[in-house]
Each structure stands twice: as structure tokens, then as C-alpha cells.
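Heads up: the sequence shown is residues 10 to 146, going by the numbering used here.
Note that beta-carbon positions come from the ideal geometry of N, C-alpha and C, so glycine has one too.
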Amino acid sequence: MMSICLLLQGILVVAALRYYARQRQAMPSRFLASMRVTGALMLILIAGNTLQFTAWALLFYWLGEFATLNEAIYHSAVNFATLGYGDVVMSAEHRLLGPLEAINGALMIGVSTAALSRAFSVALQELVTTHPGPPPH
């Protein structure tokens, strides 16, 4: 499951950053384009992370760990975000999947953060080069 999530995240990040670069080039105001496309990038990455914890939830549900898919999704989202509430736990047989998902979530959220940091860095650099000088008072 972790390999599938890593592959999915990699595909999404590359696709999102390629989209970001193409869209940024096509707009007249580089800074505004960067901000708009960075917002779209955020949504794509959030959707990717949501797909990943939903995939984990489907695995938990398929394994019979939860009576409802809603409960599996809640548990999975808590694991993926590394919140660790502990109000819903899996059986001893599958309990190790929780920490594995948490590790996976931390890595994938880190990859998303790196992609967003790059996009913000490019947008800020464009602002500085487009409008040099001290900020207005």
C-alpha cells in the first residue's frame, strides 16, 4: 500500500508541478498567475492525500476491521495525519497497519509541503524581480 501511495503522490506532484509551470508561463501577470496556480496545486495535492487515506480505509474495510466505510475513513484520516487519537483502534492482527499508514502519511504530507514550498518560492522570487525596491509604507 505504501508503494502505491508513493507512486500516486509522485505522479500527482510531477503532474501538478508541470501544470503549474505551463499555467504560470501563459498568464500576463506572473505573480498573480503563480498565486492562482499555487492554489490549484494545493487542491490537487490535498485531493491526492485524500485519495491515499481513502485507499488505506478501503483496505481496512476490506480486511473487516470496521463495520462501516465511514468509520474506516475516519480512522484512516487520523492515522494518515498522524493525529493518533486512539478512540478507534484495529484488532491486534492488523494493528501494525496503523503506524505504517502514519509513516506513509508523514512522508506524503512532506512531499506535498516540498512541492508547495517550491511553488511559493518561485512566486516570491517573481514578485521580487518584478517589483524591486523597498516595500511601500
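Looking at the backbone, the Cα of T59 and that of A81 are separated by about 13 Å.
For R27, the secondary structure class from DSSP, reduced to helix, strand or coil, is helix. Distances from the alpha-carbon of Q134 to those of A101, L41, L116, G19 put L41 closest. Nearest Cα to C14 within the set S121, F75, M51: S121.
Straight-line measurement puts the Cα of H84 at about 12 Å from the Cα of R104. Contact between the segment 63-71 and the segment 102-118 is present: three or more C-beta pairs spanning the two stretches fall below 8 Å. With 16 or more neighbouring CB atoms inside 10 Å of its own CB, A128 falls in the buried class. For the pair L136 and G95, the Cα-to-Cα distance works out to about 45 Å. By the neighbour-count criterion, in which 16 or more other beta carbons inside 10 Å mark a residue as buried, T138 falls on the exposed side.
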